[in-house]
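Numbering (the numbering used here), first residue to last: 3 to 492. We put the CB at the ideal spot given by N, CA and C, even for glycine. Quick notes on the structure that follows.
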Ligand code: ZN
Ligand code: CU
């Protein structure tokens, strides 16, 4: 009798390609899928009866800020409990590498002090932490620009641009899957399109992609999409529009026009995809969204505090409620928080997105899922950190019927792996790495809310990473089988 490490029997298999469910078994040997279909008598170290639950490739969170969490929280409970097995880090222009050893991440997003200078050093640190999930890295423009120019509000000199190019080239040579920007953030917003084209060419030469938090997601969304397309065209590489949205009530509905533009670009020969998180609120470092000289009252009115080291009692509260209690306008609350000691470390949640736009995004066949979760487990993070993938499958697939189950899984698995160069992952086929999730499609649901954001989801029965059982029936096994993946162009 053949012997295998693991066999999962009586599953309804979704192979990740978008093909329909089919019943069968999956056997795993040496971290890889060894057989799919009817697996006969085998001598298995572990046998799992799926009892009709859905077995699919593990989900890929294509938009994360888990660069620091891979080291600080290597159990990655908030990702594993959603069925995620691989993470793309380095988004929004902020990456852990390159860095100055001994310096704390200046972005306020990653929460980690570098012991490395480049991606190879960072990857070694991650490997040493034995993370629960796999990860692949983007190299971030904000990070590279800050390293070379600090927060200077000007174009780089020729010598500075050369240094930035060299950093991007080195990261790509060390396994980065592309170049990311966050053009609303410091210092990325001081850059012109030409600078970005030059840097994106370095990623293009290595076969990587351009992932962008657009320069504007509100009044000038369409101009910002145009800039991203220009960079894709001029630098010659695929474009990923991060957390696609139209922000602010007066802009709601614009995602339709933006997606039409993206469709047209694809028809014209560019290669453009996007990702979305299934919530109507964003989240990020509050200091980046406000100008203290003219605080935006509309934005202040929709702010909620996630992490607030300056005033912990504000965590989980809405700015307008605090303003009423303090008998001051909401903008004054923002001012007091931002000017307090450690005020710059505040992470806020901003309710700025239309529900109908979330559904429009999720319907699009080139739309992936990315949580954009920000990992500060001490505060009250946006619930997307814990709930994103089960929320798509429970709320938007089962309850709202916005997209089909097989298509949703395709866009959480094979599409994402193909896009970000994760080879031999994202499909339930013989020979692929055994990154797998077993879930109950009738009960899968997110339980994390804005008030209770750290609740793990329902309906995830089993998660395997590289063939090892990492999560089973609500329990984290702590195996730490994740790897830092090196990008391979397809
Ligand atoms: Zn972003
Ligand atoms: Cu982001």
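Inter-residue Cα distance where the pair is residue i and residue j
| i | j | result |
| --- | --- | --- |
| residue 154 | residue 148 | 8 Å |
| residue 51 | residue 225 | 52 Å |
| residue 145 | residue 297 | 26 Å |
| residue 46 | residue 30 | 9 Å |
| residue 120 | residue 14 | 43 Å |
| residue 196 | residue 230 | 11 Å |
| residue 23 | residue 40 | 14 Å |
| residue 470 | residue 284 | 34 Å |
| residue 428 | residue 308 | 33 Å |
| residue 104 | residue 114 | 10 Å |
| residue 56 | residue 343 | 49 Å |
| residue 464 | residue 417 | 22 Å |
| residue 331 | residue 337 | 10 Å |
| residue 329 | residue 408 | 52 Å |
| residue 61 | residue 85 | 6 Å |
| residue 373 | residue 450 | 13 Å |
| residue 267 | residue 423 | 22 Å |
| residue 320 | residue 179 | 38 Å |
| residue 333 | residue 299 | 6 Å |
| residue 335 | residue 176 | 45 Å |
| residue 363 | residue 459 | 23 Å |
Beta-bridge pairing of residue i - partner residues as DSSP gives them
| i | result |
| --- | --- |
| residue 245 | In the DSSP output, where bridge partners are listed per residue, residue 245 has none listed. |
| residue 274 | 241 |
| residue 39 | 27 |
| residue 305 | 352 |
| residue 478 | 473 |
| residue 136 | 88 |
| residue 13 | 26 |
| residue 486 | 137 |
| residue 6 | 46 |
| residue 320 | 306 |
| residue 438 | 59 and 466 |
| residue 183 | 214 |
Burial state of residue i (16 or more Cβ within 10 Å)
| i | result |
| --- | --- |
| residue 101 | buried |
| residue 371 | buried |
| residue 277 | buried |
| residue 87 | buried |
| residue 401 | exposed |
| residue 314 | exposed |
| residue 455 | buried |
| residue 365 | exposed |
| residue 490 | exposed |
| residue 237 | buried |
| residue 248 | buried |
| residue 189 | buried |
| residue 357 | exposed |
| residue 164 | exposed |
| residue 461 | buried |
| residue 325 | buried |
DSSP state of residue i mapped onto helix, strand, coil
| i | result |
| --- | --- |
| residue 384 | coil |
| residue 167 | helix |
| residue 458 | coil |
| residue 212 | strand |
| residue 284 | strand |
| residue 1 | Since the first residue of the chain shown is 3 and the last is 492, residue 1 is not available in this structure. |
| residue 352 | strand |
| residue 451 | coil |
| residue 59 | strand |
| residue 470 | strand |
| residue 292 | coil |
| residue 174 | helix |
| residue 115 | strand |
| residue 218 | coil |
| residue 54 | coil |
| residue 373 | coil |
| residue 368 | coil |
| residue 123 | helix |
Residues of its chain near residue i, where Cβ-Cβ distance is below 6 Å and the 5 sequence neighbours each way are ignored
| i | result |
| --- | --- |
| residue 346 | 289 |
| residue 498 | Examination of residue 498 is not possible in this model, given that the chain is present from 3 through 492 alone. |
| residue 493 | Limits of the chain in this structure are 3 at one end and 492 at the other, which puts residue 493 out of reach. |
| residue 264 | 274 |
Own chain residues within Cβ distance below 8 Å of residue i, not counting five before or after
| i | result |
| --- | --- |
| residue 43 | 3 |
| residue 340 | 288, 289, 292, 294, 346 and 348 |
| residue 421 | 64, 211, 240, 242, 275 and 370 |
| residue 255 | 248, 356, 358 and 359 |
Own chain residues within Cβ distance below 7 Å of residue i, not counting five before or after
| i | result |
| --- | --- |
| residue 201 | 143, 166, 167, 170 and 181 |
| residue 253 | 220, 221 and 223 |
| residue 1 | There is no way to answer for residue 1, as the model of the chain reaches only from 3 to 492. |
| residue 35 | 28, 430, 431, 432, 433, 434 and 436 |
| residue 172 | 120 |
Chain D contact for residue i (CB, 8 Å cutoff)
| i | result |
| --- | --- |
| residue 246 | Absent here is chain D; the protein component of the structure consists of one chain. |
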